[in-house]
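In my numbering, the protein residues as written are 4 to 336.
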């Protein structure tokens with residue numbers, strides 16, 4: 004096996020490792036609310052999320068194309084694969100740091116930040132207009148939409164069931180949460196697995212294995228299986244933050260938050276093809292639902308820590324990726 008092919012194989016393995024960490028890092032997005040309201044046990048919820056993540060990942064490759072060809076130009080020269088490798092290292096390291104501290108940061112933005120940081124370190128071309136259009140604007144708008152829709156949808160539920168028997172409604176929304184958790188996991192699959200598909204395909208184009216950016220079937224299947232396996236491995240640290248520390252949700256509130264978040268995820272993946280953060284949208288939806296009680300019901304201090312993690316993800320992952328590129332370039336040459 005020659006050096007270029009070996010490097011490509013290493014990148015594919017590292018990309019699938021990132022996909023796996025993405026799965027256990029973001030598993031909480033799909034199941035934390037259902038577990039916190041006791042609609043599902045943790046293992047049952049993780050199993051459901053793993054299956055639905057797998058199905059969602061097989062639906063489309065629109066987001067993969069955005070990540071793989073809309074953020075940076077395919078790197079050129081012998082250092083092209085080093086750029087992709089460094090981007091993955093930056094994303095994985097930031098994922099592990101935020102997972103350790105229980106902060107639900109964005110794996111999507113960690114990967115995008117890694118791509119930008121590695122490209123800048125290698126003096127490669129960055130598509131800044133594409134980043135503003137496909138990353139920054141959705142990053143700002145999607146949580147605001149999640150918060151607003153979460154607030155309005157929860158108000159609609161409260162008004163619609165204002166005369167219902169509380170015990171029966173409570174039990175009904177627990178059952179409904181099984182469906183909303185499945186839909187949430189499906190939405191996560193349509194978004195996050197595709198980002199790994201995009202990075203692997205970028206590596207294939209950079210290495211000359213592919214002439215055009217067209218995601219191969221084996222890349223789709225491998226990425227889908229990796230994120231599904233990671234999801235089943237779980238993310239209990241972050242599950243606690245999303246499920247309880249922001250606000251204690253009722254089954255009705257959990258159903259509302261998950262329904263809104265999954266709707267936004269699926270729409271952005273299939274209609275707009277933009278790589279939004281499942282973490283951002285889920286957290287904002289939970290906050291919007293909680294705000295229907297009273298603003299003080301939301302633990303804004305915890306929410307503030309999460310927002311800080313959001314803001315620093317792009318530059319932090321980019322910085323780690325830049326260091327990884329310089330180290331790799333110094334070793335490999």
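We treat Cβ as the ideally placed atom computed from N, Cα and C, and that holds for glycine.
- If you draw a straight line from the Cα of residue 112 to the Cα of residue 100, it is about 14 Å long.
- Taking the CA atoms as reference points, residue 57 sits about 14 Å from residue 64.
- Shown here, residue 129 sits in a strand according to DSSP, grouped into three states.
- For residue 92, DSSP records no beta bridge to any residue.
- The straight-line gap separating the alpha-carbon atoms of residue 139 and residue 74 is approximately 12 Å.
- Close CB contacts of residue 258 within its chain, under the 6 Å cut and outside five residues either way in sequence, are with 176, 179, 180 and 183 (chain order).
- Between residue 264 and residue 187, the beta carbon gap of about 6 Å places them in contact (Cβ cut-off 8 Å).
- A straight-line Cα-Cα distance of about 21 Å links residue 135 and residue 287.
- If you draw a straight line from the Cα of residue 321 to the Cα of residue 144, it is about 22 Å long.
- The three-state secondary structure of residue 74, taken from DSSP, is coil.
- Using a 10 angstroms sphere on the CB of residue 44, the tally of other CB atoms stays under 16, which defines it as exposed.
- The C-beta of residue 118 has 16 or more other C-beta atoms within 10 Å across all chains shown, which makes the residue buried.
- Shown here for residue 84: same chain residues with a beta carbon closer than 7 Å to its own, the five before and five after excluded, namely 10, 11, 14, 206, 209 and 210 in chain order.
- Around the beta carbon of residue 274, fewer than 16 other beta carbons sit within 10 angstroms, so the residue counts as exposed.
- Annotation for residue 278: no alpha helix (DSSP H) segment contains it, and DSSP assigns it neither H nor E.
- For residue 56, the uninterrupted alpha helix (DSSP H) run begins and ends at 45-60, by DSSP.
- Annotation: the continuous alpha helix (DSSP H) that includes residue 186 extends over 169-210.
- One thing to note: residue 167 has its Cβ no nearer than 9 Å to the Cβ of residue 51.
- Distance from residue 116 to residue 93 at the Cβ level is roughly 7 Å; contact confirmed, criterion being Cβ atoms closer than 8 Å.
- When the Cα atoms are used, residue 70 and residue 314 turn out to be separated by approximately 19 Å.
- In its chain, beyond the 5 residues on either side, no residue has a beta carbon closer than 6 Å to the beta carbon of residue 326.
- Secondary structure of residue 324 (DSSP, three-state): helix.
- The beta-carbon separation of residue 229 and residue 22, rounded to 4 Å, stays under the 8 Å limit for a contact.
- Taking a C-beta distance under 9 Å as the contact criterion, residue 40 and residue 331 do not qualify as a contact pair.
- Residues 64, 67, 200 and 204 of the same chain have their beta carbon placed closer than 7 Å to that of residue 218, with the five preceding and five following residues left out of the count.
- In the three-state reduction of the DSSP assignment, residue 294 falls in the coil class.
- Of the residues assessed, residue 212 falls on the exposed side of the cut-off, its CB having fewer than 16 other CB atoms within 10 angstroms.
- Residue state for residue 41 is assigned as coil, using DSSP reduced to three classes.
- Restricting attention to 147, 131, 24 and 102, the CA atom closest to the CA of residue 291 is found in 147.
- Under the DSSP assignment, residue 268 falls in the alpha helix (DSSP H) whose first and last residues are 254-270.
- Between residue 26 and residue 236, the C-beta spacing is below 9 Å.
- Residue 146: member of the alpha helix (DSSP H) spanning 140-163, first to last residue.
- Short of 8 Å from the beta carbon of residue 215, and not among the five residues preceding or following it, lie these beta carbons of its own chain, in chain order: 208.
- Around residue 192, the same chain offers 56, 59 and 60 as residues with beta carbons nearer than 6 Å, after the five sequence neighbours per side are excluded.
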